[in-house]
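Right under this line is the structure:
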């Protein structure tokens, strides 16, 4: 392989990686949520205690990366963003369950589904 | 030899870390032997100390310790190091070696069953009594000899970890293959576990003793012989209930009394441990905002 071909290959890979990570950081995960999950309703929607319970869970599990005000910390995203505001509860619950592992967000499937919905209630209350 | 320096060093390091870096995250330790599919969060450091207390009728009782430092390098890669030591009544307290392990999660989304690949190198000696896994023909006979560190064991251990979460339950299965780097045959073992928090939804009020902070479960583990004598003959097996309590903003405490299921097993083993997780340890070290 000539040097020019090597340089073109390297430049192509670098560009591809940049576009991939740019799309992930740009809320691209929202498009990956299956329709059946996207349309799911939060079972805690009408329960006033859910936001308080979600806030408690958020501080125990999420605040270390996203900050106690959910404003982002250590280069982790601010959750007062348009993406979170526009996401459906089902999309947020899907993100908590599956994470976005390429983007550094671990899956939170170890939390029971009820607790993930309580965190969704809290996230929606931020907007 | 009296208490090893490494034990004190590890204890001091733990204490210093706790004072300098207050943690917040909920450690994910529910079991003593069985691994789940859950990885350490990237950037977090988990410090854990686990004890096992054994009372062999024909030998001296012992208390073995494994102190573990676990780091989340990536969402899909966790690495950790263990320092092992033990004290045997009427004999001695000895350092018994170290283990270096890595876990890799190949699938980046949550599935109904989630595989994790585990690779470990152990450099331990014949006095090791940590019982972090049971493989081959391990049995109570290994614990009746006097502490002898002259036998060196350099072993490679592979595990296939499978884990599922369903309606608040965690079900985990581990298949173990271990080989002494010398010309010994592969030894096999298994561990399976199930657990569930006492409450699935969190209470809205801050509380130390909320039901969701307690996780109850059970583990079953044992040996499966070796390459030339695979099966249950001359192996040992244990059944152990487990209880984990997460103190919000603090450590997780775990306890597990294990009952031996056949004459080749210890009649009773008492396990207990404390785990503390330091959030974003390396970002804090670098003073990152």
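Residue numbers (my numbering), protein chains in the order written: chain A, 7 to 133; chain B, 1242 to 1530. Backbone N, C-alpha and C fix where the C-beta goes; we use that ideal spot for every residue, glycine too.
Chain A residues whose Cβ lies nearer than 7 Å to that of residue i
i                      : result
residue 1524 (chain B) : 80
residue 1443 (chain B) : 59, 62, 63, 121, 124
residue 1351 (chain B) : 103, 104, 113, 115
residue 1415 (chain B) : Here the premise fails: no neighbours, minimum Cβ distance about 17 Å.
residue 1366 (chain B) : Simply none; closest approach about 35 Å.
residue 1280 (chain B) : 112
Per-residue burial, residue i [other beta carbons within 10 Å of its own, 16 or more giving buried]
i                      : result
residue 1238 (chain B) : The requested residue 1238 (chain B) does not occur in the structure, where chain B is confined to residues 1242 to 1530.
residue 1400 (chain B) : buried
residue 1375 (chain B) : buried
residue 1474 (chain B) : exposed
residue 1464 (chain B) : buried
residue 56 (chain A)   : buried
residue 1293 (chain B) : buried
residue 1303 (chain B) : buried
residue 1527 (chain B) : exposed
residue 1472 (chain B) : exposed
residue 1325 (chain B) : buried
residue 1505 (chain B) : buried
residue 1357 (chain B) : buried
residue 1299 (chain B) : exposed
residue 1354 (chain B) : exposed
residue 54 (chain A)   : exposed
residue 1450 (chain B) : exposed
residue 1393 (chain B) : exposed
residue 1469 (chain B) : exposed
residue 1289 (chain B) : buried
residue 1424 (chain B) : exposed
9 Å Cβ cut-off: residues of chain B touching residue i
i                    : result
residue 47 (chain A) : Per Cβ cutoff of 9 Å: no residues; residue 47 (chain A) is ~16 Å from chain B at best.
residue 51 (chain A) : Chain B residues near residue 51 (chain A): none, gap ~14 Å exceeds 9 Å.
Close-in-space but distant-in-sequence residues of the same chain around residue i (CB under 6 Å, 5 per side omitted)
i                      : result
residue 97 (chain A)   : 36, 39, 44
residue 126 (chain A)  : 48, 95, 98, 99
residue 111 (chain A)  : 105
residue 1438 (chain B) : 1453, 1456
residue 1275 (chain B) : 1413, 1415, 1432, 1434, 1460
residue 1512 (chain B) : 1273, 1293, 1497
residue 1371 (chain B) : 1305, 1307, 1325
residue 1244 (chain B) : In this prediction, residue 1244 (chain B) has a pLDDT of 42, which is less than 50 and means its spatial position is unreliable; nothing more can be read from the coordinates.
residue 1428 (chain B) : 1376, 1377, 1419, 1467
residue 1481 (chain B) : 1460, 1497, 1499
Same chain only: Cβ atoms within 8 Å of residue i, ignoring 5 sequence neighbours per side
i                      : result
residue 1501 (chain B) : 1381, 1477, 1478, 1479, 1507, 1508, 1509, 1510
residue 1447 (chain B) : 1489
residue 77 (chain A)   : 84, 85, 86
residue 90 (chain A)   : 98, 129, 132, 133
residue 1271 (chain B) : 1277, 1411, 1434, 1436, 1456, 1458, 1483, 1485, 1495
Chain-ordered neighbours of residue i on chain B, where CB pairs are closer than 7 Å
i                     : result
residue 55 (chain A)  : 1445
residue 131 (chain A) : By Cβ distance, chain B contributes nothing, its closest Cβ being about 13 Å from residue 131 (chain A), past 7 Å.
For residue j and residue i, believed in contact at Cβ under 8 Å, the rounded distance
i                      : j                      : result
residue 1522 (chain B) : residue 1285 (chain B) : 6 Å
residue 74 (chain A)   : residue 65 (chain A)   : 6 Å
residue 1279 (chain B) : residue 116 (chain A)  : 5 Å
residue 1341 (chain B) : residue 1322 (chain B) : 5 Å
residue 1327 (chain B) : residue 1306 (chain B) : 7 Å
residue 1389 (chain B) : residue 1409 (chain B) : The Cβ separation is near 46 Å, so there is no contact.
residue 1466 (chain B) : residue 1377 (chain B) : 6 Å
residue 1313 (chain B) : residue 1283 (chain B) : 4 Å
residue 141 (chain A)  : residue 1403 (chain B) : This structure cannot speak to residue 141 (chain A), because chain A is shown only from 7 to 133.
residue 1319 (chain B) : residue 1309 (chain B) : Actually they are not in contact, since the Cβ atoms of residue 1319 (chain B) and residue 1309 (chain B) sit about 11 Å apart, beyond 8 Å.
Same chain only: Cβ atoms within 7 Å of residue i, ignoring 5 sequence neighbours per side
i                      : result
residue 1422 (chain B) : 1395, 1396, 1397
residue 1364 (chain B) : 1338, 1339, 1395
residue 124 (chain A)  : 50, 56, 59, 60, 63
residue 122 (chain A)  : 99, 102, 103, 114
residue 1349 (chain B) : 1317
residue 33 (chain A)   : 89
residue 93 (chain A)   : 36
residue 71 (chain A)   : 79, 80, 82
residue 1524 (chain B) : 1284
Interface residues of chain A facing residue i [CB-CB closer than 8 Å]
i                      : result
residue 1317 (chain B) : 107
residue 1409 (chain B) : 118, 119, 120
residue 1283 (chain B) : 110, 112
residue 1438 (chain B) : 118
residue 1474 (chain B) : The premise fails here: residue 1474 (chain B) is roughly 37 Å from chain A at the closest Cβ pair, so nothing lies under 8 Å.
Interface partners of residue i on chain A, CB under 9 Å
i                      : result
residue 1378 (chain B) : Simply none; closest approach about 34 Å.
residue 1343 (chain B) : Neighbours of residue 1343 (chain B) on chain A: none; closest Cβ ~17 Å, over 9 Å.
residue 1294 (chain B) : None at all; the shortest Cβ gap to chain A is about 28 Å.
Residues of the segment 99-127 of chain A with Cβ closer than 8 Å to any Cβ of chain C, in chain order: Any reference to chain C falls outside this structure, whose protein chains are A and B.
Contact the segment 1422-1433 of chain B vs the segment 1383-1392 of chain B: 3+ CB pairs below 8 Å: no
Three CB pairs or more closer than 8 Å across the segment 1331-1347 of chain B and the segment 1409-1422 of chain B: With fewer than three CB-CB distances shorter than 8 Å, the segment 1331-1347 of chain B does not count as touching the segment 1409-1422 of chain B.
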